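Student: Protein chains in written order, with my numbering: chain A, 1 to 361; chain B, 1001 to 1361; chain C, 2001 to 2361.
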Amino acid sequence: MTNIATLPAPRNAWYLGAWSNEVTEKPLARTILDENVVLYRQPGSKAAVLEDRCSHRATPLSLGDVTDRGLQCGYHGLTFNSKGECVFIPGQESIPPQACVRSYPVVERQGFVWIWTGDPEQADANHPTLIDYPWNDDTENWPTHYGYMHIKCNYMLLNDNLMDLTHIPFIHRRTIGGGNQMGQVNAEMKTRKTPTGVHYIRWMDKIQPPPTYVKAAGFAADAKVDRWQEFEYIAPITVLQWTGALESGRGARENREQDGGFQLRIYHGATPETDSSCHYFFTCNNGCTTQSEADNDRLFREIRDTFLEDLEFLENQQACLEDDPTRALVDIKHDTARIHARRTIDRMLAEEEGHLAVAAS
Amino acid sequence: MTNIATLPAPRNAWYLGAWSNEVTEKPLARTILDENVVLYRQPGSKAAVLEDRCSHRATPLSLGDVTDRGLQCGYHGLTFNSKGECVFIPGQESIPPQACVRSYPVVERQGFVWIWTGDPEQADANHPTLIDYPWNDDTENWPTHYGYMHIKCNYMLLNDNLMDLTHIPFIHRRTIGGGNQMGQVNAEMKTRKTPTGVHYIRWMDKIQPPPTYVKAAGFAADAKVDRWQEFEYIAPITVLQWTGALESGRGARENREQDGGFQLRIYHGATPETDSSCHYFFTCNNGCTTQSEADNDRLFREIRDTFLEDLEFLENQQACLEDDPTRALVDIKHDTARIHARRTIDRMLAEEEGHLAVAAS
Amino acid sequence: MTNIATLPAPRNAWYLGAWSNEVTEKPLARTILDENVVLYRQPGSKAAVLEDRCSHRATPLSLGDVTDRGLQCGYHGLTFNSKGECVFIPGQESIPPQACVRSYPVVERQGFVWIWTGDPEQADANHPTLIDYPWNDDTENWPTHYGYMHIKCNYMLLNDNLMDLTHIPFIHRRTIGGGNQMGQVNAEMKTRKTPTGVHYIRWMDKIQPPPTYVKAAGFAADAKVDRWQEFEYIAPITVLQWTGALESGRGARENREQDGGFQLRIYHGATPETDSSCHYFFTCNNGCTTQSEADNDRLFREIRDTFLEDLEFLENQQACLEDDPTRALVDIKHDTARIHARRTIDRMLAEEEGHLAVAAS
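(1) With a threshold of 8 Å on Cβ separation, who are the neighbours of R2192/C within its own chain once the five nearest residues in sequence on each side are excluded?
(2) To which residues of the same chain is N161/A closer than 7 Å at the C-beta, ignoring the five residues directly before and after it?
(3) Any chance the region 1346-1359 of chain B sits against the region 2094-2111 of chain C, with 3 or more Cβ pairs inside 8 Å?
(4) By the criterion of Cβ-Cβ separation under 7 Å, what are the contact partners of H56/A in chain C?
(5) According to DSSP, is T2336/C part of a helix, a strand, or is it coil?
(6) With A2294/C as the anchor, note down where its alpha helix (DSSP H) starts and where it stops.
(7) Quick one: is A2220/C buried, meaning 16 or more other Cβ sit within 10 Å of its Cβ, or exposed?
(8) Spatial neighbours of V185/A within its chain, please: CB distance less than 7 Å, with the 5 preceding and 5 following residues excluded, ordered by chain position.
(9) Can you list, in chain order, the residues of its chain whose CB lies under 8 Å from that of Q291/A, leaving out five sequence neighbours each side?
(10) Hey, is L1321/B's beta-carbon within less than 8 Å of any beta-carbon in chain C?
(11) Which residue from T1117/B, G1244/B and Y1233/B puts its Cα closest to that of T1336/B?
(12) S1277/B bridges to which residues according to DSSP?
(13) Under a three-way DSSP split, which group does S2121/C fall into?
(14) Closer than 6 Å by C-beta to S2277/C: which residues in its own chain qualify, once you throw out the five before and the five after it? Chain order, please.
(15) Figure out for me which residue from N1081/B, Q1092/B, V1087/B and P1027/B has the closest Cα to the Cα of S1062/B.
(16) How would you list, in chain order, the residues of chain A whose beta-carbon sits under 8 Å from the beta-carbon of F2307/C?
(17) Classify D52/A: buried if its beta carbon has 16 or more other beta carbons within 10 angstroms, exposed otherwise.
(18) Pairing CB atoms from the region 7-21 of chain A with CB atoms from the region 111-120 of chain A, are three or more of them under 8 Å?
(19) Check distances from the C-beta atoms of the region 56-71 of chain A to those of chain C and list, in chain order, the residues that come in under 7 Å.
(20) Quick check on H2199/C: does DSSP put it in helix, strand or coil?
(21) What are the boundary residues of the alpha helix (DSSP H) that V2185/C is part of?
(22) Is T166/A close to chain B? Criterion is C-beta to C-beta, closer than 8 Å.
(23) Assuming contact is defined by CB atoms lying nearer than 8 Å, are N1159/B and A1270/B in contact in what I supplied?
(24) Report the neighbours of G1091/B on chain A: residues whose CB is nearer than 7 Å to its CB, in chain order.
(25) So which residues on chain B does G2074/C lean against when the C-beta distance must stay under 8 Å?
(26) Helix, strand or coil for D2331/C? Go by DSSP, reduced to three states.
(27) Listed from N- to C-terminal order along the chain, which residues in the region 2189-2205 of chain C have their beta-carbon within a distance smaller than 7 Å of any beta-carbon of chain A?
(28) For chain C, check one thing: does any of its Cβ atoms lie closer than 8 Å to the Cβ of N1180/B?
(29) Is any non-hydrogen atom of the ligand HEM found closer than 7 Å to the C-beta of V2214/C, if you look at the structure I gave you?
(30) Suppose you measure from the CA of R1327/B to the CA of T2344/C; what does that come to, to the nearest Å?
(31) So, is M1182/B buried or exposed, given that buried needs 16 or more other C-beta atoms within 10 angstroms?
(32) Given G1249/B, which residues of its chain have a CB within under 6 Å of its CB, disregarding the five upstream and five downstream residues?
(33) Short of 8 Å Cβ to Cβ, which residues in the region 2017-2029 of chain C face chain B?
(34) Compare the C-beta of Q1317/B against all C-beta atoms of chain C and say whether one is closer than 8 Å.
(35) Which chain C residues are close to P43/A, counting only those with a beta carbon under 9 Å from its beta carbon?
(36) Chain B beta carbons: is any one of them nearer than 8 Å to that of G2077/C?
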């Protein structure tokens, strides 16, 4: 039976390795899909990613320094360029070719540093796992905050979480999910499979807006709003969130891109660290442009605090699954989108295994 | 050879899962014999015990809330009654029978919450492992304190400790075991096997009472007392202690239940958590009814501090045993009661294995 | 392939178990080559070393007390002499011979407590692994400080570190290795194999003395010195260091033992704890006898701080090696002495294995 506690991740995919603002001249060590890498940046250059292990004595390169020549090992000074080639060995003229280290294909754009973890020959900037997220670049209209959390759970548990929002009135019952529990559970929900995952939208019409929305959008005290929650999962790690509300009668269902309501976009990406832990990257792109910087900061902190409530459940769920990882679970009605997401991953894994089998035969 | 570091425990037995006062509307997670359970209480009801894992997505139920319907999972709201039946799935009418979770037979009385960890069909309120301990209910005459410690050792190492009191002048040499070391070692000792374990009583006649006793019972400065230490092991986890002293000449050997001396009962129960850790539950029932509440508190704190001295040895002993768990040990004369206790457990384990073998054939 | 992360150590050798001043009447627990031992001292006697496990109930003897009779177990009072013989069992006349514990051959001299971890029959006070280090006894001319660090790396990684000083301008680039990086890398280096390891000496002629040297030896502001770094590795754990400088023209190459320059001897010994951790013992014997005690203290602290910089690299290198312990590394020119040191150990291990094979056949 499948070990649902430690689902693997497809290797031939782009994974979010860091936010651009994390990658500087001070090398950053991170483990992605069980591989230790070091991310760094030559001044004025794009991010570079190498394996975090010097070819000479196996010291982490992340303990070294960025120099003019490249990333210099902090132990005996061997230096590597962004292709992983060894370009300098102190006290020695000739450089043996086996002194190189592995480098990773990288695409840096829109605030994301994407790393290709599979066969470098197949790294393709048009691959569907490389996400276009223009809102990070449109900070006039979508002021952006970048968030990061380390979570001790398999990456798919976070995707599962985002594929079933009926968790909100339970996990978040003491915060954003307070109030009418069953009203939130029974929101209208439309789910459709996509070639790369699953898409759903939930509508709650003519409801009282939640306090966060009132504060952000300035709805009147007795206003009723039409509220939406649109989520798209793009395998393996991306969930695009667009949530918001407009006063009822303004035609939210026909056109959500109107001024004067509440508008929030969130990028969610849970990059596997090991098979039982992940890096959770998220943005908060606030579309309520009337808000001050302080308002934006507060909204971001509220969102982060909400995610910490999820984190507590996810880490405990992981531990519970590991105790008996092949024991069956019981699906319920609200698992539909979650099941589509899982099937997408299962398909990607099967395809990758098929390719490997063909390559090996 | 037997692995003496990680002796298993018989499953068909009652184990002390918690003190009654620990079980409230706020669910309590605990691991008993390697099983994760959640203990909770509906207002005004007896304690209930379920496995701590929701059937839907394997989240610990202990992260949820007690509601009118039962224990509600904090992730997506599935709700279970005290039999483990799923009684509510948000947004769904029909409830599949496989959505149930395991429930455990429970007996709650005299301040104890007893859990049956074996075959539920065999759970029997007359089973000898369910202990009668009336002193907890007689708080007029035996004011009671409840104690708990987590100890990283196999449960039998604690029973071993209590079966050989010659450890007192050594482990407790800086506290209650100070003074005449060999006098304490050479106390008169009578040991007898019982159907459920072993019983012994130690007498020290015409000795100077220890400071704790003087303080509690108000013995005269030059008083000599006859002091007893009576212990009964009832497999697998119970040790009943009755210790005390009367002024010499008052006939302690004929009748220990006289006013005016020192009287202390302690319930000891080391419920296995894993095979290398246990929950140590203990009471302090002080029979010196002339003492104030502050005196009782102080006595309890002194006892707890003494047990912390044992804990240091037990955890180090466990680590030492694990380094070479099948290496032989050397028995000495004072191991007699300890050996009887071990044999009782060995017999219970062999019987249980025999039943299982018969059932499987 | 060899697992280079966890190289074993020869057992038939003397290992530095403690500094003499660490061994007192308060027993000291330490793990040496994966064996748990207890070191203690009867008042006025030499250090004794026993296995740290009572034969009775497997409690660590290090939790006990030194008594007139010997080391007494803190649990039930069994007592052992320095040969490991059980000499006392409370409450029991006869002592079974199997109650003894293992004792270790010990040589204590010059501030070192040497332990023989192999076959006791072969323990030989003339064995080349027992080092003569007279400077610790000559505190008039060589004021001595004793240092200790626990490092989570295989012992040979520390020896590797000391066999290639080109690490100094890199690991210590922010402290003692600052300044002319390539000047330090390209110092003249003479390496020769010895029957017990390897010896090398590095010379830097007519250079500006480093600040530490100026401070200690009082060199003039514009002085040029001839500086040497002499290191000898004596397998398995010893590295003898003698470093110093004299004003150029005073003939340092012909005679280094002149007054008025900088003189420092360091004993380095990395005794294996487990195959992935070691005890790093080091002395600082300052030959600049004009210095005050406060100067000596400061020099020792500076050296210790430098070693903490090494420690960070060594522990990270160990972790990196463990991730893929058989993956090949790339040797460079400056690895010559390191490779000789490794080969000495490989030879000792092969010899020991050969003896064992002969003994078993």
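Quick reminder that beta carbons are idealized off the backbone N, C-alpha and C, glycines included. None of these values were measured; they are calculated from a predicted model.
Tutor: Result, derived from the coordinates:
(1) As a working mapping, residue 2192/C is identified with position 192 in the third sequence. So the list reads V2198, H2199 and Y2200, once near-sequence residues are dropped.
(2) Numbered from its first residue, the first sequence carries residue 161/A at position 161. Around N161/A, the same chain offers H167, D310 and L314 as residues with beta carbons nearer than 7 Å, after the five sequence neighbours per side are excluded.
(3) At 8 Å Cβ cutoff, the stretches do not touch.
(4) Against the first sequence, residue 56/A aligns to sequence position 56. Scanning chain C for C-beta atoms nearer than 7 Å to the C-beta of H56/A yields L2329, V2330 and I2332, reported in chain order.
(5) Working through the third sequence from its first residue, we reach residue 2336/C at position 336. DSSP, read as helix, strand or coil, puts T2336/C in helix.
(6) Within the third sequence, the letter at position 294 stands for residue 2294/C. Membership of A2294/C in the alpha helix (DSSP H) is indicated by the continuous run E2293 to D2323.
(7) Numbered from its first residue, the third sequence carries residue 2220/C at position 220. A2220/C should be labelled exposed.
(8) For this step, residue 185/A is matched to residue 185 along the first sequence. These residues qualify, in order along the chain: T166 and P169.
(9) In the first sequence, counting from the first residue as 1, residue 291/A sits at position 291. Apart from the 5 residues on each side of it in sequence, Q291/A sits with its Cβ closer than 8 Å to the Cβ of P143, A216 and L299 in its chain, given in chain order.
(10) Position 321 of the second sequence holds residue 1321/B. So yes, L1321/B belongs to the interface.
(11) Taking the first residue of the second sequence as 1, we reach residue 1336/B at position 336. Ranking T1117/B, G1244/B and Y1233/B by CA distance to the CA of T1336/B puts Y1233/B first.
(12) As a first step, residue 1277/B is located in the second sequence; it is residue number 277 there, counting from the start. Residue pairing by DSSP places S1277/B opposite T1274/B in a beta bridge.
(13) Within the third sequence, numbered from 1, the residue matching residue 2121/C stands at position 121. Rather than Ser, the amino acid found at residue 2121/C in this sequence is Glu. When DSSP states are grouped into helix, strand and coil, E2121/C belongs to the helix group.
(14) Along the third sequence, one-based indexing puts residue 2277/C at 277. Within the same chain, S2277/C has close Cβ partners K2152.
(15) Along the second sequence, read from residue 1 onward, the residue named residue 1062/B stands at position 62. Comparing Cα positions, the closest option is P1027/B.
(16) Sequence index remark: in the third sequence, residue 2307/C carries index 307 (1-based). Result: empty, since nearest Cβ-Cβ is about 15 Å, beyond 8 Å.
(17) Residue 52/A sits at position 52 when you count from the first residue of the first sequence. Buried is the call here.
(18) Short answer: they touch.
(19) Against chain C - using a Cβ distance shorter than 7 Å - the residues of the region 56-71 of chain A are H56, R57, A58, T59, P60 and L63.
(20) As a first step, residue 2199/C is located in the third sequence; it is residue number 199 there, counting from the start. Three-state DSSP puts H2199/C in a strand.
(21) Translated into the one-based positions of the third sequence, residue 2185/C becomes position 185. Counting along the chain, the alpha helix (DSSP H) containing V2185/C begins and ends at Q2181 to V2185.
(22) As a position in the first sequence, residue 166/A is number 166, starting the count at 1. Chain B contact via Cβ: present.
(23) Stepping through the second sequence from its first residue, residue 1159/B is reached at position 159. Stepping through the second sequence from its first residue, residue 1270/B is reached at position 270. Closer than 8 Å, so yes.
(24) Counting from 1 along the second sequence, the entry for residue 1091/B is found at position 91. Among the residues of chain A, those whose CB is under 7 Å from the CB of G1091/B are T166, V185, N186, K333 and H334, following chain order.
(25) Position 74 of the third sequence, counted from the start, is the residue given in the question as residue 2074/C. Residues of chain B passing the Cβ test: F1170, I1171, R1173 and F1313.
(26) Translated into the one-based positions of the third sequence, residue 2331/C becomes position 331. Reduced to three states, the DSSP call for D2331/C is coil.
(27) Near chain A, meaning a CB-to-CB distance below 7 Å, no residue of the region 2189-2205 of chain C qualifies.
(28) Here residue 1180/B is taken as the residue at index 180 of the second sequence, counted from 1. Residue contact check for N1180/B against chain C: no CB pair falls below 8 Å.
(29) The ligand HEM is absent from the structure shown, which contains no ligand whatsoever.
(30) On the second sequence, residue 1327/B is found 327 positions in, with the first residue counted as 1. On the third sequence, residue 2344/C is found 344 positions in, with the first residue counted as 1. For R1327/B and T2344/C, the distance between alpha carbons rounds to 35 Å.
(31) For the purposes of this step, residue 1182/B is taken as the residue at position 182 of the second sequence. Label assigned to M1182/B: exposed.
(32) On the second sequence, residue 1249/B is found 249 positions in, with the first residue counted as 1. If we look at G1249/B and ignore the five residues flanking it on each side, it has no Cβ neighbours.
(33) So the list is empty, because no residue satisfies the distance condition.
(34) To locate residue 1317/B, count along the second sequence from 1; it is residue 317. At a cut-off of 8 Å between beta carbons, Q1317/B contacts chain C.
(35) As a working mapping, residue 43/A is identified with position 43 in the first sequence. Within chain C, no residue comes near P43/A; the closest Cβ sits about 19 Å away, beyond 9 Å.
(36) Taking the third sequence and counting its residues from 1, one reaches residue 2077/C at position 77. Interface residue (Cβ-Cβ distance to chain B less than 8 Å): G2077/C is classified as such.
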